[in-house]
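Q: Before I ask anything, here is the structure I am working with.
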């Protein structure tokens, strides 16, 4: 055997010491469900809650569009309100 082969064989058998935290974390992962784990076949799928989804979206729309309109439209509103009135103020 060449020296390179012996060195590679010795390097492959050396293990990095594992910390206590790593061991505890690995043990805890056994109890975690996989993020893509399938549900049991006996479990019925949840029915869609259309009212909750629509009310959530409507609440966002009611606040989003007026705020964005005010942020982007204030120059137009000022021009319309003060057009020709600057000299009189």
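In our numbering, the protein residues as written are 9 to 97. C-beta: ideal position from N, C-alpha, C; glycine also. Because the structure is a prediction, the values reported are computed rather than measured.
Grouping DSSP H, G and I as helix and E and B as strand, with all else coil, what is residue 13?
A: Helix.
Q: Whole angstroms are fine: how far does the CA of residue 34 sit from the CA of residue 28?
A: Rounded to whole angstroms, residue 28 to residue 34 spans 10 Å at the Cα level.
Q: Rounded to whole angstroms, what is the Cα-Cα separation between residue 26 and residue 40?
A: If I take the Cα positions, the gap works out to 21 Å.
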